[in-house]
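Take a look at the structure below.
There are 2 protein chains.
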Amino acid sequence: MSKALPSALPSASEVRDRCLCLHAQRVARALARRFDEALRPHDLTSGQFSLLTALSGPQPPTVSEAADLLAMDRSTVTAALKPLARRGLVLVDSDPADGRVKRPRLTEAGCAVLARAGAAWRIAHDALDRELGAPTEAPAALRTLSTRLHPHGQPRMKASSAS
Amino acid sequence: MSKALPSALPSASEVRDRCLCLHAQRVARALARRFDEALRPHDLTSGQFSLLTALSGPQPPTVSEAADLLAMDRSTVTAALKPLARRGLVLVDSDPADGRVKRPRLTEAGCAVLARAGAAWRIAHDALDRELGAPTEAPAALRTLSTRLHPHGQPRMKASSAS
DNA sequence: CCTGATCATGTTGATATCAACCTATCTTGT
DNA sequence: ACAAGATAGGTTGATATCAACATGATCAGG
Numbered sequence: 077m078s079k080a081l082p083s084a085l086p087s088a089s090e091v092r093d094r095c096l097c098l099h100a101q102r103v104a105r106a107l108a109r110r111f112d113e114a115l116r117p118h119d120l121t122s123g124q125f126s127l128l129t130a131l132s133g134p135q136p137p138t139v140s141e142a143a144d145l146l147a148m149d150r151s152t153v154t155a156a157l158k159p160l161a162r163r164g165l166v167l168v169d170s171d172p173a174d175g176r177v178k179r180p181r182l183t184e185a186g187c188a189v190l191a192r193a194g195a196a197w198r199i200a201h202d203a204l205d206r207e208l209g210a211p212t213e214a215p216a217a218l219r220t221l222s223t224r225l226h227p228h229g230q231p232r233m234k235a236s237s238a239s
Numbered sequence: 077m078s079k080a081l082p083s084a085l086p087s088a089s090e091v092r093d094r095c096l097c098l099h100a101q102r103v104a105r106a107l108a109r110r111f112d113e114a115l116r117p118h119d120l121t122s123g124q125f126s127l128l129t130a131l132s133g134p135q136p137p138t139v140s141e142a143a144d145l146l147a148m149d150r151s152t153v154t155a156a157l158k159p160l161a162r163r164g165l166v167l168v169d170s171d172p173a174d175g176r177v178k179r180p181r182l183t184e185a186g187c188a189v190l191a192r193a194g195a196a197w198r199i200a201h202d203a204l205d206r207e208l209g210a211p212t213e214a215p216a217a218l219r220t221l222s223t224r225l226h227p228h229g230q231p232r233m234k235a236s237s238a239s
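Protein chains in written order, with the working numbering: chain A, 77 to 239; chain B, 77 to 239.
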């Protein structure tokens with residue numbers, strides 16, 4: 077109903093003001109740069125740190141599970157693991173029960189690096205929280221969006237017949 | 077004060093729950109995929125669409141200004157312009173007043189593509205808004221964060237002496 | 001057992017992303 | 001006019017990112 081008038085084509089300012097995607101990219105890039113810098117002493121990018129964290133649970137996730145956790149493509153995870161494996165921080169085991177499944181896990185060295193980097197992460201995150209001033213609602217909103225847009229952890233349900 | 081106890085190293089779940097950077101990446105990736113798909117009929121990625129939009133003002137921005145607008149590195153803009161220039165959608169002019177400055181601008185073809193893609197963008201964005209249900213505060217929060225983390229448009233001030 | 005469908009992952013090719021370095025241009029002080 | 005510093009941009013090398021396709025493993029019927 078409300079879209080009976082496509083009116084004019086989207087203007088530059090409309091996109092700049094409205095586009096969630098644009099703002100999400102802006103935020104993502106700004107934060108990535110920030111944490112990249114904080115983690116540089118440990119030779120990890122923010123993305124690598126997130127990936128290592130995703131592997132750090134008691135039971136190593138499969139590649140697909142890790143991808144889901146990070147809301148990235150499976151093939152991106154495969155690619156991202158390579159530099160880490162080359163450095164001996166992760167090891168990609170095959171699942172004994174299912175030959176298709178791979179379970180990348182942290183090595184001892186990987187655990188050590190992650191532990192040190194984790195301390196730097198916390199310092200950087202505390203600084204960020206401080207800099208954002210009073211507990212803004214922004215972080216919570218970001219997490220909500222994150223969950224809404226790409227729920228994780230639940231058994232995937234295929235596109236059902238429901239419209 | 078509150079950091080007298082570094083206590084344990086950050087756990088996986090602490091990072092997963094707290095890390096703004098991780099959630100920002102998740103949101104950015106999910107939205108990028110979404111708009112990539114919406115714009116695919118026009119052979120534009122969400123990033124290319126944003127870049128074209130940034131160039132679409134009356135006075136074409138410099139490379140640095142465009143980078144600032146998108147919160148990306150200058151060299152990323154340079155790289156991102158290449159595929160677009162190759163396809164004849166943008167043209168990189170030199171500023172007549174300052175030989176260092178380049179001003180990438182849309183060609184006629186670029187304008188046409190952007191107009192068509194803009195219509196698709198609006199449809200996709202309307203659908204997204206609808207899907208996010210009631211006017212959540214998330215979008216506003218995202219925009220706030222975006223501005224806080226990487227203000228744009230204002231004359232850059234170098235790191236002041238304030239501690 | 002086969003055979004086809006399904007599933008997990010890997011590979012390829014294109015683009016995106018950034019830091020570090022490099023070059024060309026402008027500006028300022030002399 | 002010249003040299004020194006600042007500024008704008010590009011180049012290089014590494015990694016990240018995804019879609020599309022390809023491979024190999026498992027599973028369900030027969």
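The beta-carbon is built from N, C-alpha and C at its ideal position, and this holds for glycine as well. Only a predicted model underlies this, so the values are computations on that prediction, with no experimental measurement involved.
Local conformation of residue i per DSSP, three classes
| i | result |
| --- | --- |
| B:Pro136 | coil |
| B:Leu182 | strand |
| B:Ser122 | helix |
| B:Ser87 | coil |
| B:Leu145 | helix |
| B:Glu113 | helix |
| B:Gly194 | helix |
| A:Thr68 | Only positions 77 to 239 of chain A appear in this structure, which leaves residue 68 of chain A out of reach. |
| B:Cys95 | coil |
| B:Leu128 | helix |
| A:Pro159 | helix |
| A:His226 | coil |
| A:Pro172 | coil |
| A:Leu208 | coil |
| B:Arg219 | helix |
Candidates the options: closest to residue i by CA position
| i | options | result |
| --- | --- | --- |
| A:Ala130 | A:Arg116, A:Leu145 and A:Ser122 | A:Leu145 |
| A:Glu90 | B:Phe111, B:Gly133, B:Asp169 and B:Val166 | B:Gly133 |
| A:Cys95 | B:Arg150, B:Leu127 and B:Arg162 | B:Leu127 |
| B:Phe125 | A:Asp149, A:Ala88, A:Ala161 and A:Arg109 | A:Ala88 |
| B:Arg163 | B:Leu182, B:Thr138 and B:Val177 | B:Leu182 |
| A:Gly123 | A:Pro136, A:Gln135, A:Pro137 and A:Ala143 | A:Ala143 |
| B:Pro159 | B:Arg176, B:Leu208 and B:Pro180 | B:Pro180 |
| A:Arg110 | A:Arg224, A:His228, A:Asp205 and A:Arg219 | A:Asp205 |
| B:Arg224 | A:Gly209, A:Pro136 and A:Arg176 | A:Gly209 |
| A:Thr220 | B:Glu141, B:Thr220, B:Ser222 and B:Pro215 | B:Pro215 |
| B:Pro137 | B:Val177, B:Ser222 and B:Gly186 | B:Val177 |
| A:Asp171 | A:His228, A:Gln135 and A:Ala185 | A:Gln135 |
| B:Gly186 | B:Glu207, B:Ala161 and B:Thr154 | B:Ala161 |
Distance CB(residue i)-CB(residue j) smaller than 7 Å
| i | j | result |
| --- | --- | --- |
| A:Ala217 | B:Ala217 | yes |
| B:His226 | B:Ala147 | yes |
| A:Leu157 | A:Val189 | no |
| B:Arg150 | B:Val139 | yes |
| B:His118 | B:Ala193 | yes |
| A:Ala191 | B:Leu120 | no |
DSSP bridge partner residues for residue i (one or two, in chain order)
| i | result |
| --- | --- |
| A:Leu167 | A:Arg181 |
Counting Cβ pairs closer than 8 Å, one from the segment 91-109 of chain A and one from the segment 92-100 of chain B, do we hit at least three?
yes
Across the segment 111-127 of chain B and the segment 193-208 of chain B, are there enough close Cβ pairs to call them in contact, namely three or more that are closer than 8 Å? yes
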